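Residue numbers (UniProt numbering): 1 to 158.
Laid out in structure tokens, this is it:
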């Protein structure tokens, strides 16, 4: 899905081996809410087709694509936040689902906390959300998968 990155690399033991990690999980959730959880945005998204929803999801990820698609300590919580958002929209691109499942199923939150000593609120939010998001991904019907996200244009801006 990302250039020069594989699921195996992004789920490797190295994600727990960095010196530190500044978690912004709660800030990401707030950012998504600020972008899309107000009446006009909700109305637009309610009428959106799969391609438009893909465009919005891709745009969110593209702004910080290296945080999702290169090995770094933010990979697990970035994918947790964006997968939670995709489930909130009830929109799941096929290639996105495969990567989200692989990354989040390998996310050892307790080990992550031991490695990075997250603030209590960040850790508590992730601990609450991780099993819910994983279950949502597991239960998402394959017949409802949207077309895959664009995999070729990461980093492009308008």
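From the three backbone atoms N, C-alpha and C, an ideal C-beta is built for every residue, glycine too.
Computed from a prediction, not measured in an experiment: that's the story for all the values here.
Only residues of its own chain outside the window of five on either side were considered, and among them 1, 95 have a CB closer than 7 Å to the CB of residue 151, listed in chain order. Assignment of residue 141 by DSSP, reduced to helix, strand and coil, places it in the coil class. For the pair residue 24 and residue 116, the Cα-to-Cα distance works out to about 12 Å.
Each residue's CA atom was taken as its position, placing residue 56 and residue 45 some 9 Å apart. In this structure, residue 10 lies away from residue 81, with their beta-carbon atoms at least 9 Å apart. For residue 18, there is no enclosing alpha helix (DSSP H), as DSSP gives it neither H nor E.
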